[in-house]
Every structure is written in C-alpha cells, then in structure tokens.
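For our numbering, count along the sequence shown from 1 and bump the result up by 175.
For glycine and all other residues, C-beta sits at the position ideal for the given N, C-alpha and C.
Quantities reported herein were computed from a predicted structural model and do not represent experimental measurements.
Data block below; observations after.
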Amino acid sequence: MAGMGAKTRILQILTDAQAAGRAVAVYSDSEEASGYEVGFVGYIDSGDLTIHALSNRGEPDGKRQYELEEVVRVDIDTSYIRRLELLYEYRDSIFDKEFPKTPAGHQDLRAQLLHAMEIGTLVHLVDSNDVGPTGLVHSVGDDHAEIERISTNGEPDGRTVMLFDDIAKAHIGRRSEQVLGFLYRYHVGLKRLLES
C-alpha cells in the first residue's frame with residue numbers, strides 16, 4: 176500500500192465495506208470532531224458517498240449524503256460498529272411490540288421493581304443527578320434494590336445496591352433497556368455455547 180493516498184485508501188475501504196455489507200463510521204470535515212455517522216454504504220464513487228445511517232439502537236435512521244472530499248476519517252470493525260450491526264441484524268426480535276405489563280395491585284416503586292425482577296425486564300434507576308445503574312433486578316428489600324449491572328456492551332458489570340430514598344426515577348423496559356437486554360442475552364448465550 177506504499178504510495179497510496181488517504182483519499183484513495185478511504186475510497187477503497189468504503190467500496191470494500193459496501194461489497195461485504197459491513198457498516199462503517201464516517202467523519203467529515205463539515206462536522207464537529209466528535210460528529211460522525213455509522214451506517215452501511217449505499218452508494219460510493221470517486222465523488223459521492225451515501226450512508227444508510229443507523230441509530231444508536233441499530234435501527235434504520237435515514238440516509239446521509241457526503242461529497243467524498245469531505246470525508247476525513249473512516250472507522251471499520253470497531254466494537255461499537257459491530258454492536259450496531261448486530262442490533263440491526265436482529266432488529267425485528269429486540270423490541271417489544273406492546274407496553275410492559277403492569278403488575279396487579281399497588282403500583283409503587285417496590286412493586287414495579289419486584290415485577291421487573293419476576294419477568295426479567297431491565298431497569299435503569301437514576302438519582303437526582305440523573306445517574307444510576309442499568310440492569311436486572313437481583314433483589315428488592317424494604318428500603319433498597321440490588322441491581323445486576325449490565326454494561327453498554329451488554330456484559331455483566333457488577334452489582335449496585337441503591338436506597339429507594341435516593342431513586343429519583345425508574346425507567347423500566349424502555350427501548351434502551353431492551354437493547355441492553357438483547358446484547359446481554361446474546362453475550363451470555365454465546366459464552367455458554369463456547370464453554371459447552
């Protein structure tokens with residue numbers, strides 16, 4: 176690859192990604208340094224690029240048109256891109272079609288968390304600073320909940336005990352929790368398969 180210029184290499188990478196059906200992250204000089212689009216190459220030639228964009232949940236999110244000369248960086252096969260490819264591949268089986276079931280009887284936080292624990296629904300508990308763990312409810316006490324944390328990649332990430340008095344909000348079964356639940360089941364299932 177000696178002597179190959181950056182723009183030629185970027186064109187080659189994007190062309191190869193399109194042929195392989197792989198997603199890429201595209202950074203352009205018209206965006207902030209942290210601004211980029213992840214998606215599949217819909218069209219590429221020496222002047223133009225169309226990206227079929229993916230949301231951060233792996234859902235189709237429209238198209239993005241670039242002039243190829245605007246592209247300053249391309250990422251391929253990163254863990255984030257692989258995550259979005261996986262979510263896109265299984266998009267029809269990730270999200271609930273209906274609202275989460277509501278437990279019968281009293282609807283306080285404790286009852287909601289007990290119900291989430293029973294049915295294996297992920298929760299995100301946040302304090303007054305909008306910070307807190309996301310994961311499966313491990314146990315619920317009279318004044319606290321213990322959460323089996325799940326990382327943003329869907330891997331087990333320890334446990335957190337949180338007092339009810341410190342919980343400002345509880346998010347139960349939102350799309351973001353459904354994504355993590357899918358990734359968690361995928362990783363746990365893959366690990367079990369590899370260990371057997």
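Quick check on this structure: which residue in the options has the alpha carbon closest to the alpha carbon of residue i?
i: H362; options: L261, G210, D204; result: L261
i: E321; options: V336, T309, N328; result: V336
i: R248; options: L284, T190, R258, K182; result: K182
i: T225; options: G210, Y211, L243; result: L243
i: G307; options: S314, R334, I294, E293; result: R334
i: I219; options: D204, H319, G233, R239; result: R239
i: R349; options: T296, D305, S303; result: T296
i: N231; options: R367, D204, Y263; result: Y263
May I ask you to report which of helix, strand or coil DSSP gives residue i?
i: I342; result: coil
i: E264; result: helix
i: K238; result: strand
i: R232; result: coil
i: S351; result: helix
i: D223; result: strand
i: Y255; result: helix
i: E323; result: strand
i: M176; result: Confidence in M176 is poor, its pLDDT being 47 and thus under 50, which makes the residue's placement too unreliable to answer from.
If we ignore side chains and look at the alpha-carbon of each, how far apart do residue i and residue j end up?
i: E212; j: I251; result: 12 Å
i: L365; j: S351; result: 21 Å
i: Q140; j: T327; result: Because the chain here runs from 176 to 371, residue 140 falls outside it and cannot be looked at.
i: R197; j: E245; result: 21 Å
i: S221; j: A228; result: 20 Å
i: A200; j: S314; result: 40 Å
i: R285; j: D340; result: 11 Å
i: G237; j: G217; result: 11 Å
i: M176; j: T190; result: Because M176 sits at a pLDDT of 47, beneath the cut-off of 50, its placement in the model cannot be relied upon, and the point is left open.
i: I294; j: L288; result: 10 Å
i: N304; j: E323; result: 21 Å
i: D223; j: L186; result: 10 Å
i: L338; j: G310; result: 16 Å
i: R192; j: D267; result: According to the sequence shown, residue 192 is Ala rather than Arg. Cα to Cα, A192 sits roughly 23 Å from D267.
i: R258; j: E273; result: 24 Å
i: A279; j: A343; result: 23 Å
Take residue i and list the residues in its own chain whose beta-carbon comes closer than 6 Å to its own, dropping the five residues that flank it on each side.
i: Y291; result: First, the residue type needs correcting, since residue 291 is Ala and not Tyr in the sequence shown. If we look at A291 and ignore the five residues flanking it on each side, its Cβ neighbours are V298, V312, I347.
i: Y202; result: Y211, V247, R248
i: F357; result: I269
i: G329; result: L355, L358, Y359, H362
Looking only at its own chain, which residues have a Cβ that is under 7 Å from the Cβ of residue i, when we skip the five neighbours before and after it?
i: L369; result: none
When every heavy atom of the ligand GTP is checked, does at least one fall within less than 7 Å of the C-beta of residue i?
i: I325; result: The ligand GTP is not part of this structure, which contains no ligands at all.
Residues in its own chain within less than 8 Å of residue i by CB, not counting five upstream and five downstream?
i: D271; result: G348, Q353
i: Y241; result: V201, S203, D223, L224, T225, I226
Only counting runs of 4 or more residues, tell me where the alpha helix (DSSP H) segments fall wholly within the segment 268-320, in order along the chain.
-> Runs of alpha helix (DSSP H) with 4 or more residues, each lying fully within the segment 268-320, are found at 284-294, listed in chain order.
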